[in-house]
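Residue numbers (the numbering used here), protein chains in the order written: chain A, 141 to 327; chain B, 141 to 327.
No residue lacks a Cβ here, since even glycine has one placed at the ideal position from N, Cα and C.
Number of protein chains: 2
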Amino acid sequence: MARYKSGIATQERILESTRGLLGEVGFESTTVKAICERAHIRAGSFYNLFDSKDQVILTVVREAIQAVDPDPEGIGSDTVGQLAQTYIDFILNERQMGRVYLQLALTAGLTDETLRRRMLRHHQHRVNRFTDALLREHPALTADEARTRMQLLIAGLNGLAYHWVLDPEFDIRSKADILVRERVGIA
Amino acid sequence: MARYKSGIATQERILESTRGLLGEVGFESTTVKAICERAHIRAGSFYNLFDSKDQVILTVVREAIQAVDPDPEGIGSDTVGQLAQTYIDFILNERQMGRVYLQLALTAGLTDETLRRRMLRHHQHRVNRFTDALLREHPALTADEARTRMQLLIAGLNGLAYHWVLDPEFDIRSKADILVRERVGIA
DNA sequence: CTGCTTCTTGAGTATTGACTCAATTTTATA
DNA sequence: TATAAAATTGAGTCAATACTCAAGAAGCAG
Chain A
141 MARYKSGIAT QERILESTRG LLGEVGFEST TVKAICERAH IRAGSFYNLF DSKDQVILTV
201 VREAIQAVDP DPEGIGSDTV GQLAQTYIDF ILNERQMGRV YLQLALTAGL TDETLRRRML
261 RHHQHRVNRF TDALLREHPA LTADEARTRM QLLIAGLNGL AYHWVLDPEF DIRSKADILV
321 RERVGIA
Chain B
141 MARYKSGIAT QERILESTRG LLGEVGFEST TVKAICERAH IRAGSFYNLF DSKDQVILTV
201 VREAIQAVDP DPEGIGSDTV GQLAQTYIDF ILNERQMGRV YLQLALTAGL TDETLRRRML
261 RHHQHRVNRF TDALLREHPA LTADEARTRM QLLIAGLNGL AYHWVLDPEF DIRSKADILV
321 RERVGIA
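Below you can see the structure in the form of structure tokens.
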């Protein structure tokens, strides 16, 4: 769509605006007008580069999901601790995107069944990666036992992230470390 | 405001509509028009009974928070297991309200600082109740240790609820039991 | 520098949102 | 059953929404 330099730059400014707005004011208040004002462009430019508001939002949403699950094709040499660390880093460092990610299952999924399925697939894939990692560290575990443990770990991490969104003072990192140690056994 | 029987009935139908919509389609799509259609009334009746859309939504939101923390003045004779059970029952039996509750911290809190503070207070209160219950069961624990455990338990429960919203097949109850047993010690 | 593409703008449209109000009907009660 | 309060309606207002389009400005290859 964008071919000239300025077009590409504008596209990026629009995405950056959208990321910021979704994280700061939520889906409901992320309007085309707000996106354009933040990006210092008029609505016409927006629609020269994107087909619709939903398209931009979906682009950002995809980014958020990917950020939680980088290298989905990776052979998987990570440890459970590293996977958990990556998630907590994402939540702490990219707060806006973290909020978008957490909101997804609860809100976006309500009106858009496709998005709900995408989130569900992502979640199951995530459980699988954690489970594979745990089995690499503890080959003696049964697959079921490992899976249950990782479901509980991921639920715990999501719950901690949820808590942290409410209360930025909350020390999510040390709590996450406790969870990992419990679920993996002291490494 | 409402005095006659029919007014009270209408008020309840509006609240019921709002509860349903918030749970099924989320905050964004819960419009006055949708509420009125579902309640089989015109907008004028709505505004005869409520001052604004926000007022109804806030009413339902308060209900959702209260449902998770019934009897806030209670002397506190519950066990940790009972408190956890109450939450899981709420999530499973009142699915719509459960969704509203989970959405609150992530979405409503973004644009309304008052609501965010209310949720935060509620959350801290909840941690306190769980902690008190645990200390009653295990007086030997330090307050800090008990508190950390209960923060992790509540994070876990919220995470499980979050997972269940995505995937209704997920067996949240048995997983919650595991968490309680771990955090309390086998009762 | 020419000519074609892309970008940007500004002034729109159509729709939907929350909310209002005068007029009418319904309800409870004295 | 007369009456005042309350409930309901339907036809509105006004602002904000997503989105469009013709025309001019800017970018770039030959």
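* Identify the contact partners of methionine 259 of chain A in chain B, using a Cβ-Cβ distance below 9 Å as the criterion. => Mapped onto the first sequence, residue 259 of chain A falls at position 119. Neighbours of methionine 259 of chain A on chain B, chain order: Leu306.
* Asked: With a CB to CB cut of under 6 Å and the five nearest residues on each side skipped, what residues in its chain are close to valine 324 of chain A?
  -> By one-based count along the first sequence, residue 324 of chain A stands at place 184. The residues Val220, in chain order, have a CB closer than 6 Å to that of valine 324 of chain A in the same chain once the five nearest residues on each side in sequence are set aside.
* Asked: Nearest-angstrom Cα distance between aspartate 311 of chain B and threonine 199 of chain A?
  -> Residue 311 of chain B sits at position 171 when you count from the first residue of the second sequence. Residue 199 of chain A sits at position 59 when you count from the first residue of the first sequence. Computed Cα separation, rounded: 32 Å.
* Asked: Between A:Val305, A:Arg321 and A:Gln151, which lies nearest to glutamine 243 of chain B when the distance is taken from Cα to Cα?
  -> Translated into positions along the second sequence, residue 243 of chain B becomes position 103. Here the closest residue by C-alpha is A:Val305.
* To do: Starting from the Cα of glycine 166 of chain B, find the closest Cα among B:Ser217, B:Leu246 and B:Pro210 and give me that residue.
  => For this step, residue 166 of chain B is matched to residue 26 along the second sequence. Residue B:Leu246 is the option with its Cα nearest to glycine 166 of chain B.
* Asked: To the nearest angstrom, how far is it from the Cα of valine 133 of chain A to the Cα of threonine 158 of chain A?
  -> Examination of residue 133 of chain A is not possible in this model, given that chain A is present from 141 through 327 alone.
* To do: Answer with buried or exposed for histidine 180 of chain B, where buried requires no fewer than 16 other C-beta atoms within 10 angstroms of its C-beta.
  => Residue numbering aside, residue 180 of chain B sits at position 40 when the second sequence is read from its first letter. Burial call: exposed.
* **For arginine 258 of chain A, three-class secondary structure by DSSP** => Counting from 1 along the first sequence, the entry for residue 258 of chain A is found at position 118. In the structure shown, arginine 258 of chain A sits in a helix (DSSP, three-state: H, G or I).
* **Chain-ordered chain A contacts of glycine 147 of chain B [CB-CB under 9 Å]** => Stepping through the second sequence from its first residue, residue 147 of chain B is reached at position 7. Around glycine 147 of chain B, no beta-carbon contact reaches into chain A at under 9 Å, the shortest distance being about 30 Å.
* To do: Go ahead and label isoleucine 294 of chain B buried or exposed: buried means 16 or more other beta carbons lie within 10 angstroms of its beta carbon, across all protein chains shown.
  => As a working mapping, residue 294 of chain B is identified with position 154 in the second sequence. With 16 or more neighbouring CB atoms inside 10 Å of its own CB, isoleucine 294 of chain B falls in the buried class.
* Mind checking arginine 143 of chain B: buried by the 16 CB within 10 Å criterion, or exposed? -> Here residue 143 of chain B refers to the residue found at position 3 when the second sequence is read from its first residue. Here arginine 143 of chain B is exposed: its Cβ has fewer than 16 other Cβ atoms, across all protein chains shown, within 10 Å.
* To do: Look up isoleucine 281 of chain A in the DSSP assignment and say whether it is helix, strand or coil.
  => Along the first sequence, one-based indexing puts residue 281 of chain A at 141. Here residue 281 of chain A turns out to be leucine, not isoleucine, going by the sequence shown. Reduced to three states, the DSSP call for leucine 281 of chain A is coil.
* Buried/exposed call for alanine 280 of chain A, threshold 16 Cβ in 10 Å -> Position 140 of the first sequence holds residue 280 of chain A. Exposed: under 16 other Cβ atoms inside 10 Å.
* So which of B:Val172, B:Asp284 and B:Asn298 has the shortest CA-CA distance to glutamine 195 of chain B? -> Mapped onto the second sequence, residue 195 of chain B falls at position 55. From the listed residues B:Val172, B:Asp284 and B:Asn298, the smallest Cα separation to glutamine 195 of chain B is found for B:Val172.
* To do: Check the C-beta distance from glutamate 164 of chain B over to leucine 189 of chain A and give it rounded, since I have them as a contact under 8 Å.
  => Indexing the second sequence from 1 puts residue 164 of chain B at position 24. Indexing the first sequence from 1 puts residue 189 of chain A at position 49. So it is not a contact: roughly 34 Å between Cβ atoms.
* So aspartate 252 of chain B and leucine 260 of chain A are in contact, right, with Cβ under 8 Å, and what is the actual spacing, rounded? -> Taking the first residue of the second sequence as position 1, residue 252 of chain B is located at position 112. Taking the first residue of the first sequence as position 1, residue 260 of chain A is located at position 120. The Cβ separation is near 29 Å, so there is no contact.
* Using a Cβ-Cβ cut-off of 8 Å, state whether glycine 296 of chain B counts as contacting chain A. => For the purposes of this step, residue 296 of chain B is identified with residue 156 of the second sequence, where counting begins at 1. Yes, because at least one Cβ of chain A sits closer than 8 Å to the Cβ of glycine 296 of chain B.
* chain B contacts made by the segment 259-278 of chain A, where a contact means CB separation under 7 Å -> Against chain B - using a Cβ distance shorter than 7 Å - the residues of the segment 259-278 of chain A are Met259, Leu260 and His263.
* Under a CB-based cut-off of 8 Å, is glutamine 291 of chain A close to chain B? -> On the first sequence, position 151 is the one that residue 291 of chain A refers to. The C-beta of glutamine 291 of chain A comes closer than 8 Å to at least one C-beta of chain B.
* To do: Closer than 9 Å by beta-carbon distance: list the chain B residues that pair up with tyrosine 302 of chain A, in chain order.
  => Along the first sequence, one-based indexing puts residue 302 of chain A at 162. The CB of tyrosine 302 of chain A comes closer than 9 Å to the CB of Leu242, Ala245, Leu246, Ala295, Asn298, Gly299 and Tyr302 in chain B, given here in chain order.
* For tyrosine 302 of chain B, collect the residues of the same chain with a Cβ closer than 8 Å to its Cβ; drop the 5 residues on either side in sequence, then sort them by chain order. => One-based indexing of the second sequence puts residue 302 of chain B at position 162. Taken in chain order, the residues that qualify are Leu242.
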